[in-house]
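Heads up, the thing below is written out as structure tokens.
2 protein chains.
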Amino acid sequence: MSRKFAIALFAVAAILAAPSFAGSVETAAALRDKALTDATAWNILESITTEIGPRPIGSPAYERSRDWAVKKLKSLGFTDVHVETFPKSAWIRGAESAEVVAPVPQKLALIGLGNSLPTPKGGIEAPVVVFNSYAELLDQPPGSLKGKIAVVNQPMTRTQDGSGYGAAVEARNGDAEAAKRGAVAYLVRSISTGTGRAPHTGATWGEGPHIPVAALGMPDADLLASLAARGTVRVRLNLASSINPKAVSFNISGEIKGREVPDEVIVIGGHIDSWDPGTGAIDDGAGIAITTAAAKLIGDLPQHPRRTIRVVLWGSEENGGSAQAYAEAHKTEVPKLVIAGESDLGADRIYQVALPQGLPGLEEVMAPLKVIVSGEPPRHGGSDIGGLQKAGVPILGVSNDATRYFDYHHSADDTLAIVNRAELNQNVAVWASLIYLIADSGIDFHAKPDVK
Amino acid sequence: MSRKFAIALFAVAAILAAPSFAGSVETAAALRDKALTDATAWNILESITTEIGPRPIGSPAYERSRDWAVKKLKSLGFTDVHVETFPKSAWIRGAESAEVVAPVPQKLALIGLGNSLPTPKGGIEAPVVVFNSYAELLDQPPGSLKGKIAVVNQPMTRTQDGSGYGAAVEARNGDAEAAKRGAVAYLVRSISTGTGRAPHTGATWGEGPHIPVAALGMPDADLLASLAARGTVRVRLNLASSINPKAVSFNISGEIKGREVPDEVIVIGGHIDSWDPGTGAIDDGAGIAITTAAAKLIGDLPQHPRRTIRVVLWGSEENGGSAQAYAEAHKTEVPKLVIAGESDLGADRIYQVALPQGLPGLEEVMAPLKVIVSGEPPRHGGSDIGGLQKAGVPILGVSNDATRYFDYHHSADDTLAIVNRAELNQNVAVWASLIYLIADSGIDFHAKPDVK
């Protein structure tokens, strides 16, 4: 059976199974239209960025964000609001600085990567070797970077779907490869499409060996390359950091209880932890604002949909851990988890949604939002639902226009100032109407169509 | 006589006075076309941003920039290269930091303004009062801000001609007005059209009384406003700075000597000093690169134009002083200074040029560059030619598209990364052909047409 035909058959089956189908579509459309001017998402996002600010794991603000979230979910009418904790060692940033000391003194804008080793007391001063791509570094023989600071100045490609990030981000994890070749530190051009000097952090997650590792502002990486083309360049680097091995992370959730089959649950959400230079507005305050607002609008309906909608605010996306913890804590629930979706690519307009199967009425509801319904099932729905996905929970793919997302993400510029309120609301409209349709349907996304 | 008719008459007179007119236009057009692919301007800009970096007055890099400039002008074939020094007290930035301490701790991105007083040892901690416009602050009665940190969160309007800056920049100079009302410090939203967190510095130039004064990142100003709307906000502020009253500044110049009337001089240039957070690429490395490259291309011609072209790299624009020093040093020369022009609005495309009178062939030469020749004489040609203008030297108005200029200027993001090489060369093409036409003409711009 062809995939398209299979989807069509399932759609027909779903329509037959749901006598309230026409009503569902009508309600979804009304939700969509209400969401476009609703203030909930903006208010949530304004609240967390203003009252909490950056929320890196291990910080006091991270602790405050937990209490903020519980209070916020309760005040918005969610039920069964609770916190699920799990152990998660925290890397804590200290003072950081870097400068060119020869041939001419120039300060460098740079930020340590999560899990970086600190530099020894007094810092590191060493000559740099600049590579124009990560592949170039990997081509170097063992020992060839002995005593050097390895620099990779590899640009990232701007794309609508964010795929340029996937292609470039491997370079952020190059400290072990540089160390294996003898380097004493590793500096990588920020994985960003921007031109600004604000560097973009992120985690390094390799097995080691570890050395101090940091991301450079884009012009700073270019500067090192330009200076290195003229002769020897020496850089001084200071990166302080510490580890709290006993830190605790959390996933927080609240529900809009289903009216008929409350044990069938749609899981959606975003992550509440953030990197520290900005205020975590697009990564991922927006995700929690969008999905929470969408569920809240559904909760405000005179009649809840048939199934339960659960919003999860995952607590450790940037350093990993929440996906596994959530999947582990909810493994017995997997057969009842209808579908899982995450909003974690900012708040710019959604241009496409993808489902494992057809959903009656979806094209009709999405059309005024200029959202395409993909003919292909999603492959990736977000880091935090990765554990559920592995366990067999079907996933949603919701594609934000990521054209400008990587100008800002993981940098000081990730603040409320870059969020477009109308596009934020388009996101809420997509999530609210999409989730409502799923929650009021009887479709079993676990059942795989006979895909060719 | 109508202004247009007067210009037409002058144009005819100029054509009659210059038998080589057709040849001039042909040469100007050839210069224009060569400039569009010439590497000189880019190389100058790359050199100063890479080898010197930020060049604030009073810094070692500023001293280095003087030697760099002399060497560069000589190597490009300029003659009579020399340095004119003048005394200029230097304000020198120290360590700076600020944070919200209540109701919730949040770091603030901020940069001290030039000439700010330092905070007392241990810093200042005080409640803030936020005004949404500078006019709102001016409306406050004396004493009403006693013990407070006054904050003005006034946005700047984006415009092609940069006029939004003129309208907003007064707020940067509000420390005295805040002090008169009792404030202990003054924080102003950066005078910028950007959304980034990198704050934009600049000088404060008022008579006093003086208090510590700094510019906030745009999201940081919004954050203070949002927090203040919720209740009392306390901010801790540390601004260190010092003054070197015996510092020396300089204007540097070099010439392409005229073949027939070398004592008739066209003065063009940009300023070599810069603020310190970026590398001074668009403010104003670009200006010196563009005008130097334009003059160098003219100098490379088999035959120099009739008059002399002098490139001046003014040394103290950001803190004022070079315009007056230059005018004073050259006051006896004023009758022989044909015209003066400055490039100090970045390197984005030029969309208009304005002259005190018509210049035969100019429209024809500018047309392929999409540059309009204004029907109005220029009012302002750049800060550094202000002294000459006051002394009676006619000025040129060369209008860059400033739409995005104030996203970057005076901030860390003012680096080579934001310069578009093709637009930089369009600038060189405009300046080279325009200046050549003037230098090879006999027009006396001092003679005023009978403007109605």
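For the protein sequence lines, the chains are A and B, in the order given. Numbering (this note's numbering) for the first sequence: 3 to 454. Numbering (this note's numbering) for the second sequence: 3 to 454. We put the CB at the ideal spot given by N, CA and C, even for glycine. Being a predicted model, the structure only gives us computed values, none of them experimental.
Between residue i and chain A, is the shortest Cβ-Cβ distance under 8 Å, so that the two count as touching?
i, result
"A216(B)", "no"
"A329(B)", "no"
"L112(B)", "no"
"T417(B)", "yes"
"E257(B)", "no"
"P221(B)", "yes"
"D346(B)", "no"
"Q498(B)", "Nothing in the structure corresponds to residue 498(B), since chain B is present only between 3 and 454."
"L229(B)", "yes"
"I420(B)", "yes"
Could you check the C-alpha separation between residue i and residue j for me, to the nearest Å?
i, j, result
"I94(A)", "G145(B)", "44 Å"
"S192(B)", "P221(B)", "10 Å"
"A461(A)", "G271(A)", "Any answer about residue 461(A) is impossible in this case: the structure gives chain A only from 3 up to 454."
"L110(B)", "T281(A)", "11 Å"
"K73(B)", "I46(B)", "12 Å"
"L119(B)", "G96(B)", "11 Å"
"E179(A)", "A173(A)", "10 Å"
"A104(B)", "L390(B)", "51 Å"
"G343(A)", "K392(A)", "13 Å"
"G168(A)", "Q156(A)", "13 Å"
"E262(B)", "H306(B)", "9 Å"
"P380(B)", "D82(B)", "30 Å"
"T29(A)", "V367(A)", "10 Å"
"A32(A)", "D302(A)", "12 Å"
"P304(A)", "A297(A)", "14 Å"
"S61(A)", "Q359(A)", "42 Å"
"E138(A)", "V154(A)", "9 Å"
"V85(A)", "S255(A)", "7 Å"
"N253(A)", "G176(A)", "30 Å"
"G79(B)", "Y438(B)", "17 Å"
"V269(B)", "V313(B)", "6 Å"
"V250(A)", "R66(A)", "13 Å"
Looking at chain B, is there any beta carbon in it that lies within less than 8 Å of the beta carbon of residue i?
i, result
"A434(A)", "no"
"A478(A)", "Nothing can be reported for residue 478(A), as the shown portion of chain A is limited to 3 through 454."
"S91(A)", "no"
"E101(A)", "no"
"L225(A)", "yes"
"L239(A)", "no"
"G280(A)", "yes"
"A152(A)", "no"
"F447(A)", "no"
Identify, in the order they occur along the chain, each residue of the same chain with its Cβ nearer than 7 Å to the Cβ of residue i, setting aside the five sequence neighbours on each side.
i, result
"G160(A)", "The residue asked about is misnamed: residue 160(A) is Arg in this sequence, not Gly. G166, T195, T405, listed in sequence order."
"Y407(A)", "G164, I284, L347, G348, D350"
"G260(A)", "E266, H306, P307, R308, R309, T310, A441"
"L140(A)", "E179"
Between which residues of its own chain and residue i is the CB-CB distance below 6 Å, once the five residues before and five after are set aside?
i, result
"A283(A)", "T51, D416, T417, L418, V421"
"G125(A)", "R238, L239, N240"
"G229(A)", "Correcting the residue type first, residue 229(A) is Leu in the shown sequence and not Gly. Here the set comprises V235."
"Y38(A)", "Strictly speaking, residue 38(A) in this sequence is Leu, with Tyr absent from that position. If we look at L38(A) and ignore the five residues flanking it on each side, its Cβ neighbours are N427, A431."
"A327(B)", "F88"
"A187(B)", "I126, I151, I213, P214, L239"
"S135(B)", "Q156"
"H273(A)", "D286, W316, E319, D386"
Going by beta carbon distance, what residues of the same chain come within less than 8 Å of residue i, once the five residues before and after it are set aside?
i, result
"V14(A)", "Caution is warranted here: a pLDDT of 49 is assigned to V14(A), below 50, making its placement in the model unreliable, and the coordinate value is therefore given only provisionally. So no residue of the chain qualifies."
Members of the stretch 176-205 of chain A that neighbour chain B once the beta carbon cut-off is set at 8 Å: T197, G198, R199, A200
Minimum length 3: unbroken beta strand (DSSP E) runs contained in the stretch 246-291 of chain B: 250-258, 263-273
Segments assigned beta strand (DSSP E), at least 3 residues, entirely inside the stretch 44-72 of chain B: none
Beta strand (DSSP E) runs wholly inside the stretch 197-224 of chain B, at least 3 long, in chain order: 215-218
Selection of the stretch 43-59 of chain B by Cβ proximity to chain A, strictly under 9 Å: E48, T51, T52, E53, I54, G55, P56
Within 7 Å of chain A by C-beta, residues of the stretch 399-415 of chain B in sequence order: A414, D415
Alpha helix (DSSP H) runs contained entirely in the stretch 342-389 of chain B, provided each spans 4 or more residues: 364-368
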